Amino acid sequence: MNEMNEVRKPPVATTGIIGWLRINLFFNWTNSLITLFVIYCLYQFIPWILDWTIFSADFKYNYLGEQITNQEMCSRNLDPENGGACWAVIYVRFYQFIYGFYPKVEVWRVNVAYVMLALALLPLLYAKLPYRKYFLYFTYIFPVIAYFLLNGGLGFTEVSTNKWGGLLVTLVLGCTGIALAFPIGIMLALGRRSKLPVISMMCTLFIEFIRGVPLITLLFFGMVMLPLFLPEGIDMDGLVRVLVAVTLFQSAYMAEVIRGGLQAIPPGQYEAAKSLGMSYWRMNLLIILPQAIRISIPPIVNTSIGLFKDTTLVIIVGILDLLGIGRGTLADTNWLGLSYEIYFFVSLVFFIFTFGMSRYSLYLEKKLKTGINMGAD
Amino acid sequence: MRSNLGFFSDEKFRSIFFQTLVVGLFALGLFFVISTTSYNLEKRNIATGWSFLQNPAGFDISFSPFLEFKSTDTHLKVYFVGVLNTLLVSITGCIAATILGFILGIVRLSSNWLLSRLVYIYVEFSRNVPLLLQIILWYSILIQLPRVKQSLQVLDVFYISNRGLYSPRPIFESGFSYVLIAIVLAFISSFLINRWAKKRQDKTGQQFPVFSSSIGLIFIVPLILFFILGSPLSFEHPELKGFNFKGGLVIRPEFIAMFLALSIYTAAFISEIVRAGIMSVSKGQREASAAIGLKQTWIMRLIIIPQALRVIVPPLTSQYLNLTKNSSLGIAVGYADLVHGFGGISLNQTGQAIECMAIVMATYLSISLTISFFMNIYNRSIQFKEK
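Below you can see the structure in the form of structure tokens.
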């Protein structure tokens, strides 16, 4: 049979949309029943949630066409049968959600800081950025600029930190915590792996202690105990005290992640560096750490996501972050009872940040898997 | 290049030098902190020492299911109530999160695309929204339930209202202890049967219906005994009197919110761990076990799960630790756990921050170490045994 067989198309039932549906949704009886049940549930749920969040919801005006200024004017409080969510509370309080109680005349400074933060993050997130080196210089000096910009000094009027709030505090805590915890975490990780028994023991004790207690106890420590430890006259700002606690907490977790990276470096790298006559610090800074950090970037991003979510805990010690502003708004008689709208909005903001970070970490993981070749050359 | 400082390039000398330096600096810092602290404490008239533990607390705790608590009780009792409440929500949370997480992890791997997508959406939402926000959200849902007078009635005996869940309280009469003893004996004997059956199977290849015989021992034997003894168990039903229920067992909304939020949040992480664990078992294992004719459920129970557990248990341990530490967030909704009761109210009343925080931190450390200890034992028991 040398004759070429006629090329036949595969059966319709295994390719294209129908094939996909058959394999993934209607493979057998139970599978089909599950699919139908899920579709029924979604059919019940999705129209309801869309109606509540969008079609019946008030954004700025209620169904009478009046601009909403308090909860009594929300459609759903005027007519419980028809109204949906009342997003007007977010609209009215948007300024507080984003800036807290930052004075309105000075708010341009926060906006500039937000833009600069995005610029400073750019070279860290995107390795192929043109002129990345110059952007990186900017990243290094950004914390100093941001400090003067937000806090005041150098000709700017001072805005005390108890006026900060909302997303501003969330971002300040998250970014500063991560940025400070990184170098401390590296030192702790190196210390824990050090050959000097005293140093390794002290670092291990510190890391395990911090990891064994909840963050909230550390925040209490920062709020009630830290002032007792410091000499008179040194009055620490509330936000700074919280930052100390958050940084200590994050650096212990960061240290463990980096230690994991250090353990993955083959001993040949150490031996090669030593045989070139490098000192301990030169070896670590030039040979070991660049490789170790590169492989531990995905878990670093993951612990950073954890920290970003954990910054909400500061509301317990009275700092008004995004969630704190949300709760404050709920306590206002004008906006009583709009908890679902407010918590929905705050969740959404957090979700956007954390989901974005987790996607980024997945992207890095994929890139690193194909990119480098550890210790082979 | 050799340094001129000959003795300084000696590794042994340098190591001792640096370590003494670090210890010296640490001691100096410690001395400084202790001296300023004692000065500050004296200046602010804050008492020191542990005698405050014996002082009456002077406040009430709304949720203390294990110990009777009155406002005249001591701070030490506040501590014990707090520890028990922390343990209660942690243990129930861990159990619920494990069950939910395993189910979701397996469902996520289902061949049904829609179902696995649905679980994926749940996991992403649950993982990416702060836990504290979820706790507060659950609490705000629970306290918006109908008032006590209009409470929802489930199965005629449970009442759900904004004050919590009221259920009948079991009252154990004399004779019930025999039933309990029977249950304990049944557990021990089914454990022994399991061991004996395994040995017998190893020797002869014959199987023994361990599962059904254990079920029979644990459920049916105590049940028969229960009826022989004339059902020594009755229920006290909650009754609506005035504005509140009298009698019955009440589960407060604070606890329910904590329990729901902790288990749902942690279950999302556990389901990802379970999924990764099951995926780590190579496809050949499944195919090989199908080839020797094992049933689908047996493949899962005997081949896939035991191998997946080796990958699952270490990260599962850290999830249990996280859940226990996260239970400290109860303070946000007023759940009287260790941090809220002892570390919060007692601390504010006595002002002895250092002592209170030291006790709270030490307690969490010991709970964490205990969990790690038992999970490590379990982990060792399921790892590869080289024969």
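Taken in sequence, the protein lines are chains A and B. With the first letter of the first sequence counted as 1, position 377 gets the number 376 in numbering that gives the first Met the number 0; the numbers rise by one all the way through. With the first letter of the second sequence counted as 1, position 339 gets the number 338 in numbering that gives the first Met the number 0; the numbers rise by one all the way through. Just so it is clear, CB atoms sit at the ideal spot from N, CA and C, and this is done for glycine as well. All of these numbers come straight from a predicted model, not from anything done at the bench.
Take the Cβ of B/Gln149 as the centre, count every other Cβ of all protein chains shown within 10 Å, and call the residue buried at 16 or more, exposed below. The residue in question, B/Gln149, is exposed, as its Cβ has fewer than 16 Cβ neighbours within 10 Å.
Just curious, the alpha helix (DSSP H) that B/Glu238 is in, first and last residue? Not the alpha helix (DSSP H): B/Glu238 falls in the beta strand (DSSP E), residues 238 to 240.
Which two residues bound the contiguous alpha helix (DSSP H) that contains A/Phe141? 131 to 150
Quick one, which residues of the stretch 328 to 346 of chain A are near chain B if we go by CB-CB under 7 Å, in chain order? Ser338, Tyr342, Val345, Ser346
Within the 8 Å Cβ cut-off, does B/Leu40 reach chain A? yes
Could you spell out the range, first to last residue, of the beta strand (DSSP E) harbouring A/Tyr101? Careful: A/Tyr101 lies outside any beta strand (DSSP E) and carries neither H nor E.
With a CB to CB cut of under 8 Å and the five nearest residues on each side skipped, what residues in its chain are close to A/Met282? Same-chain partners within the cutoff: Tyr269, Ala272, Lys273.
Would you be able to state if there are at least three C-beta pairs under 8 Å between the stretch 231 to 248 of chain B and the stretch 67 to 80 of chain B? no
Mind listing, in chain order, the continuous beta strand (DSSP E) runs of no fewer than 3 residues lying wholly within the stretch 47 to 81 of chain A? none
To the nearest angstrom, report how far apart B/Val156 and B/Gly247 are at their CA atoms. 10 Å
Taking 7 Å as the cut-off, is the CB of A/Leu149 close to at least one heavy atom of the ligand ATP? This structure lacks the ligand ATP, and indeed carries no ligand of any kind.
Using three-state DSSP, classify B/Tyr158 as helix, strand or coil. strand
Hey, quick one: how far does the beta strand (DSSP E) through A/Gly260 stretch, first residue to last? Run containing A/Gly260: none in the beta strand (DSSP E); it sits in the alpha helix (DSSP H), 237 to 262.
Rounding to the nearest angstrom, what Cα-Cα distance links A/Leu148 and A/Asp234 in this structure? Rounded to the nearest angstrom, the two C-alpha atoms are 22 Å apart.
Do the stretch 305 to 325 of chain B and the stretch 375 to 384 of chain B make contact, defined as three or more Cβ pairs closer than 8 Å? yes
Contact between the stretch 16 to 33 of chain A and the stretch 106 to 120 of chain B is defined here as three or more beta-carbon pairs at a separation below 8 Å; is this criterion met? yes
Span separating the alpha-carbon of B/Ser213 from that of B/Ala185: 8 Å
Taking the alpha carbon of B/Leu216 as the point to measure from, which residue in B/Ile180, B/Val32, B/Lys197 has its own alpha carbon closest? B/Ile180
What's the C-alpha gap between B/Arg162 and B/Val332? 13 Å
Judging by CA-CA distance, which residue of B/Gln152, B/Ser188, B/Tyr165, B/Ile227 is the nearest neighbour of B/Phe175? B/Ile227
So for B/Arg251, helix, strand or coil by DSSP? coil
Under the three-state DSSP convention, the category B/Arg146 falls into: coil
Nearest candidate by alpha-carbon position, reference B/Gln18, set A/Val256, A/Pro298, A/Pro196: A/Pro196
Could you please tell me which residues of the stretch 156 to 168 of chain A, in chain order, have their CB closer than 8 Å to any CB of chain B? none
Count the other CB atoms, across all protein chains shown, that sit within 10 Å of the CB of A/Arg358; report buried if there are 16 or more and exposed otherwise. An exposed status is given to A/Arg358, since fewer than 16 other beta-carbon atoms sit within 10 Å of its beta-carbon.
Can you check whether the CB of A/Val245 is closer than 8 Å to the CB of A/Thr311? For A/Thr311 and A/Val245, no; Cβs fall outside 8 Å.
Closer than 9 Å at the beta carbon, the chain B residues around A/Gly82: Correct list: empty, because the minimum Cβ distance to chain B is about 16 Å.
Own chain, CB closer than 7 Å to A/Ser338, minus 5 neighbours either side, in chain order: Leu329
Can you pull out the residues from the stretch 107 to 139 of chain A whose beta carbon lies closer than 8 Å to at least one beta carbon of chain B? none
Closer than 9 Å, Cβ to any Cβ of chain A: which residues of the stretch 252 to 265 of chain B, in chain order? none
Any idea if A/Gln70 is buried or exposed, counting beta-carbon neighbours within 10 angstroms, 16 or more meaning buried? Looking at its Cβ environment, which holds 16 or more other Cβ atoms inside 10 Å, A/Gln70 is buried.
How would you write the range of the alpha helix (DSSP H) that B/Gln205 sits in, first residue to last? Premise fails: B/Gln205 is in no alpha helix (DSSP H) and is neither H nor E.
Using the three-state DSSP reduction, which class does B/Lys11 fall into: helix, strand or coil? Helix.
What number of angstroms, rounded off, separates the C-alpha of B/Leu322 from the C-alpha of B/Phe65? 21 Å
In whole angstroms, give me the CA-to-CA distance for B/Pro55 and A/Arg240. 32 Å
Taking a cut of 9 Å between CB atoms, which residues from the stretch 323 to 336 of chain B lie near chain A? Thr323, Lys324, Asn325, Ser326, Ser327, Leu328, Ile330, Ala331
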